[in-house]
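Numbering (my numbering), first residue to last: 7 to 579. Scroll down for the structure; my scribbles are underneath it.
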């Protein structure tokens, strides 16, 4: 089959998808080269107790050069597309990774993640914020050019519309994808990585996104992306094609020459067949061209690897890499550490601002909690209202205290959902150099502890304290308020600690509930727990903890429950 003709994309004032055809900021063209890339991961297999560690090879001996233009990494599921993309973007765990990556002939700098753009497959924008607010957040922490990016991406009409969450109706899928791309274009990076940018988009929207990327390439940007099964109108936009299968390199060269190359090794594309589908069919053994060769899937991949190793494309790539690496050995890395564009306090200001906006935009987690707090306060007050100042009344008040403590613990579980949902956003933004971990941590404390833990504790204390007939002194009132705050802070800290290690809200909620139940049981029957744990090493520590726990319960309870002397004459002072 003859080579595909060169494609000229029409450049009107505004296309059908609303993306304005304005010139992008001119950037210095950059080249990404990689040599002898191998990547292995260790996995565990077998049953619990007899698991074996198995080393799995993800990529093997991958070489290539990505130049300014659209550089597509194509391959079936599990071929290593995303792994190669992450390695080139310096976002992969270096353990098990060997090989070299060069940027403009020099070794990849340590802060490459901060000076390049990376658009992940899943949308990682704050859904409760508008398009403009998301861009302003990125610009405030990286570079101020919000208005220009919004206009160039054709998002002017939806700039002040919320992106949307599962509870809030927002912008369309294509507009969400363009918003993600715009978040990375704020810094005007010379190199932009995208992990399957057309996932979840319809054919027309996917084509519009690739046309947008093609226009950016005309200003000298190097765009590298993985893609699974593009249609022909998208495939013809590719400048360079990298074809992977089972972690091996099958082709790396001009996309328009790929069909001719496969024809020379015995695989000819049928008329009117999509080249991308044709390549994947060959790899999977589904093509009529493969059937005529009577080869197995494994044999096909091995044959294609051997053919490419002996091809002129591979020899040219290796020759260029040798020249580049010999020059790169004399060059030092430009940056030796990760750098940030803004100060700690500037980052903390903007992260806190966004978290408060996100909190307000989640009424099911913020307003609902305040309403539940008021409702439970009135219920507890109504149940225990008018208890007497005798031994029975003291027991009733202690029961009320136990209920209030339990309520503070379980209400703190709400911190899990917001953190789990935000986690992938945090990981992406931290790796991209938006802010420091410390700035995010302190901002999270401010945004969660003050409105979600401190305010409900104050409201709950004000409602319950006087309805229960507790000691009418200012000191006792603030002791109880402070105690409930500390209980809520501690429970929230536990919730965040558990949520850090889990990506599923249901699992984190379950573990948190189990932890609280264990604490409740230990409070009700501390003698049994202490006797059981004292059989183990560290029993002296258990006794000390139990003594402190005992004082921690008695001190606030007997200090605020009632007057120093009960009505039956029993003194508790």
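C-beta atoms are modelled at their ideal positions from N, C-alpha and C, and glycine is treated no differently.
- Residue environment analysis places residue 468 among the exposed positions, since fewer than 16 neighbouring C-beta atoms fall within 10 angstroms of its C-beta.
- If you check the CB distance, residue 240 and residue 216 come in under 7 Å.
- Counting the other Cβ atoms within 10 Å of the Cβ of residue 315 gives fewer than 16, which makes it exposed.
- The beta carbon of residue 376 sits closer than 8 Å to the beta carbons of 461, 462 and 465 from its chain, once the five residues preceding and following it are set aside; these are given in chain order.
- Beta-bridge analysis with DSSP links residue 453 to no other residue.
- Of the residues 132, 64 and 521, the one whose Cα lies closest to the Cα of residue 430 is 132.
- Residue pairing for residue 51: DSSP places it in a beta bridge opposite 58.
- Within the segment 191 to 263, the runs of alpha helix (DSSP H) at least 4 residues long that lie entirely inside it are, in chain order, 209 to 223 and 238 to 241.
- Inter-residue distance for residue 440 and residue 353 is about 8 Å (C-alpha atoms, whole angstroms).
- Residues of the same chain with a CB within less than 8 Å of the CB of residue 508, apart from the 5 flanking positions on each side, are 426, 514 and 517 in chain order.
- Residue 113 is bridged by DSSP to 108.
- Under a 10 Å Cβ-count criterion, residue 203 is classified as buried, with 16 or more other Cβ atoms of the shown protein chains found around its own Cβ.
- Judged by beta-carbon spacing, residue 69 lies beyond the 7 Å limit of residue 46, meaning their Cβ atoms are not closer than that value.
- Close CB contacts of residue 59 within its chain, under the 7 Å cut and outside five residues either way in sequence, are with 48 and 50 (chain order).
- The beta carbons of residue 348 and residue 200 sit no closer together than 7 Å.
- When Cβ pairs closer than 8 Å are counted between the two stretches, the segment 391 to 411 is seen not to touch the segment 84 to 93, the count staying below three.
- Excluding five sequence positions before and after residue 159, the CB atoms of its chain that fall closer than 6 Å to its own CB belong to 184 and 188, given in chain order.
- Going by DSSP, residue 161 is part of no alpha helix (DSSP H) at all; its letter is neither H nor E.
- For residue 484, the secondary structure class from DSSP, reduced to helix, strand or coil, is helix.
- Boundaries for residue 146: no beta strand (DSSP E) harbours it, while the alpha helix (DSSP H) harbouring it runs 137 to 147, taken from the DSSP string.
- For residue 103, the closest alpha carbon among the candidates 477, 368, 81 and 63 is that of 63.
- Selection 483, 368, 526 and 421 evaluated against residue 505 yields 421 as nearest (Cα-Cα).
- With a beta-carbon spacing of about 6 Å, residue 181 and residue 164 fall inside the 8 Å limit used to define contacts.
- At least 7 Å separates the beta-carbon of residue 81 from that of residue 255.
- Secondary structure note for residue 465: its alpha helix (DSSP H) is the uninterrupted segment 461 to 473.
- Assignment of residue 273 by DSSP, reduced to helix, strand and coil, places it in the coil class.
- In the same chain as residue 383, and ignoring 5 residues on each side of it, the C-beta atoms closer than 6 Å to its own belong to 466, 469 and 470, in chain order.
- Only exposed fits residue 83, as fewer than 16 other CB atoms lie within 10 angstroms of its CB.
- For residue 397, the enclosing alpha helix (DSSP H) covers residues 397 to 417.
- In this chain, residue 96 is not harboured by any beta strand (DSSP E), its DSSP state being neither H nor E.
- One alpha carbon belongs to residue 368, the other to residue 168, and they sit about 12 Å apart.
- For the 7 Å CB-CB criterion, residue 248 and residue 234 do not form a contact.
- Shown here, residue 70 sits in a strand according to DSSP, grouped into three states.
- Cβ neighbours of residue 487 within its own chain (closer than 6 Å, five residues either side excluded): 467.
- Less than 7 Å divides the Cβ of residue 253 from the Cβ of residue 86.
- As DSSP reads the structure, residue 168 sits in a beta bridge with 136.
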